[in-house]
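Mapped onto mature numbering (1 follows the signal peptide of the UniProt record, and there is no 0), the consecutive letters of the sequence shown carry residue numbers -19 to -1, 1 to 376. This report concerns only the one structure given below.
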Amino acid sequence: MIKNSLLFLFCAGSLNALAQNKPVTFNTDSTKFAEITAKIDKLPNDTMAYLYEPYSGEVDSARIKNHSFKFKMPMPKGGSMYIIAIGAAGNNTNRGAIVYLEDGKMNITGKGDGFHGVQYSGSTWAKESAEVMNLVSTEDGIGKEFEEMHKKYSAAVAIGDEDAADSINKKASVLQNKMIGSYKKWIKDHPNSGLSGYLLTCYIPSQADKDTLFNGLGEHAKASRILMRYKYPGKIDPTQASFGLSDEASADPSNRPKIGADAPAFTLSDVNGKMVSLSDFKGKYVLIDFWASWCGPCKGQIPFLKAVNEKYKDKNFVLLGVSLDSKREAWLKAIEKEKLNWLHVSELKGWADAAAAAYGVTYVPSNVLIGPDGKVIARDLYDDNIDKKISAILK
């Protein structure tokens, strides 16, 4: 995948990404409320609308009548990010939306059957929320151009076209820097907006830039839940505070083995403490999947991984999960909860994992397909491209 592109996919493209954290109690001011009134012409009546606050685990629901729904909830100081989902299809980006709420009112209006093209109005923060969602949108402008590059890059990687992938990556880096620049400007221009915390946490990859921008924010913004977690990682919420990439990664992306190169050897412990080496699978096709329990986009790849594992597990193929978790309990719980019935290993050192360093992994999900001869066949296969590549080589 284009270097750091998941930074944008994670927050802008995946509603599930924000919903990964353990519940935690926050103080709210019972005298301050946020009110949402939505009227979207083709919303399905008698369907439930859900409002989910990922940091506290709070969920509210309302039945859609006359293509409308309403919510009213007490607000913490500084506000917080919320997910609105319509029915069971809420993980479809047209039937779900990420919104920022504070004390006041938000009106949502539209003519479709979901959130594409809707208009936000109301309190100042409601209008700012619309500004930010447009800024990070992948439906038009530079965001759409970047998203299209990502798709072309994935296609190039899937067929092993290194030259095309490198060319696309260089162009994407220029776009990415431009996008990050626009996010920084918005944050600096809105030091007291809680939405600045959303942009800072989700869309600014450099820890040094994050710290500088954080120090320039006002107390109101710093009080938002998203920045409370950023400021006090592990205390406000035991899960990882940052939604973006980490400068703690010990990997150097330039060390990523090229197609046709020897796959770096490694030995890690499985869930039972048994040591597992890559060399144990000599003579087989091995898909190494780098993931983590806190990674939202990793969850999006699970159905595709389950499908290829079931389809090829008896055809000289091994799926090997390498977790970048640092907490054993979270790692094991995710494996059990998601029913990941393939081999899993980890050093439980987070980004300092030796295998991740050997393969130049600076983002997750990331994967490497290795042939029976121990050579790298492909990198960063996603969605249907995983099955397409494996199917082609196993013919």
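Cβ coordinates follow ideal geometry from the N, Cα and C atoms, glycine included.
Let's see if you can read the secondary structure: which residues bound the alpha helix (DSSP H) around residue 122? Per DSSP, the unbroken alpha helix (DSSP H) holding residue 122 starts and ends at 122 to 139.
Can the beta-carbon of residue 276 be found closer than 8 Å to that of residue 172? No; because the gap between Cβ atoms is not below 8 Å, this pair is not in contact.
According to the neighbour-count rule (16 or more other Cβ atoms, all chains shown, within 10 Å of its Cβ), is residue 343 buried or exposed? The residue in question, residue 343, is buried, as its Cβ has 16 or more Cβ neighbours within 10 Å.
In terms of residue numbering, what span does the beta strand (DSSP E) encompassing residue 90 cover? From DSSP, the beta strand (DSSP E) with residue 90 extends over 85 to 91.
Look up residue 190 in the DSSP assignment and say whether it is helix, strand or coil. In the structure shown, residue 190 falls within a helical segment according to DSSP collapsed to helix, strand and coil.
Output the boundary residues of the alpha helix (DSSP H) element that contains residue 378. Not covered by the structure: residue 378. The range shown for the chain is -19 to 376.
In terms of residue numbering, what span does the alpha helix (DSSP H) encompassing residue 309 cover? Unbroken alpha helix (DSSP H) run through residue 309: 309 to 319.
According to DSSP, is residue 17 part of a helix, a strand, or is it coil? Strand, per DSSP.
Kindly list the residues whose CB is nearer than 8 Å to the CB of residue 199, restricted to its own chain and excluding five residues on each side of it in sequence; keep chain order. Around residue 199: 172 and 173.
According to DSSP, residues forming a beta bridge with residue 31: Paired residues: 42 and 66.
Can you look up residue 105 in the DSSP assignment and give me helix, strand or coil? If DSSP states are grouped into helix, strand and coil, residue 105 belongs with the helices.
Using the Cα positions of residue 373 and residue 266, report the straight-line distance between them to the nearest angstrom. Residue 373 and residue 266: Cα-Cα distance of roughly 12 Å.
Under the three-state DSSP convention, the category residue 344 falls into: In this structure, residue 344 counts as coil in the three-state DSSP scheme.
Under DSSP, the beta strand (DSSP E) around residue 358 begins and ends at which residues? Looking at the DSSP string, the run of the beta strand (DSSP E) that includes residue 358 is 357 to 360.
Span separating the alpha-carbon of residue 55 from that of residue 61: Each residue's alpha carbon lies about 11 Å from the other.
What distance in whole Å lies between the Cβ atoms of residue 249 and residue 336, which are believed to be in contact at a cut-off of 8 Å? The C-beta separation of residue 336 from residue 249 comes to about 6 Å, placing the pair in contact by the 8 Å criterion.
Note down the Cα distance separating residue 102 from residue 51, rounded to an integer number of angstroms. In this structure, the alpha-carbon of residue 102 lies about 14 Å from that of residue 51.
When DSSP labels each residue in this structure, what does residue 289 get in the three-state scheme? Per DSSP, reduced to three states, the secondary structure at residue 289 is helical.
In chain order, what residues of the same chain have a beta carbon less than 6 Å from the beta carbon of residue 298, not counting five sequence neighbours either side? Within the same chain, and ignoring the five residues on either side of residue 298 in sequence, the residues whose Cβ sits closer than 6 Å to its Cβ are 266.
Determine which residues share a DSSP beta bridge with residue 81 and list them. DSSP output for residue 81 lists 62 as bridge partner(s).
Classify residue 401 as buried or exposed, calling it buried when 16 or more other Cβ atoms lie within 10 Å of its own Cβ. The first residue shown for the chain is -19 and the last is 376, placing residue 401 beyond what the model contains.
Using 8 Å as the cut-off, can you tell me whether the region 84 to 93 makes contact with the region 135 to 148, which would need three or more C-beta pairs spanning the two stretches below that distance? In short, these stretches do not touch, since the Cβ pair count stays below three.
Would you identify the three-state DSSP class for residue 144, choosing helix, strand or coil? If DSSP states are grouped into helix, strand and coil, residue 144 belongs with the helices.
With 16 other CB atoms within 10 Å as the buried threshold, where does residue 375 fall? Burial call: exposed.
Use the C-beta contact count for residue 280: other C-beta atoms within 10 angstroms, 16 or more gives buried, fewer gives exposed. Buried.
Top-ranked residue by Cα proximity to residue 44, from 108, 316, 196 and 24: If we check each option's Cα against that of residue 44, 24 comes out closest.
In the structure shown, what three-state DSSP assignment does residue 247 receive? Three-state result, residue 247: coil.
DSSP on residue 163, reduced to helix/strand/coil? Three-state result, residue 163: helix.
Kindly indicate which three-state DSSP category residue 252 falls into: helix, strand or coil? DSSP places residue 252 in the coil class of the three-state scheme, outside both helix and strand.
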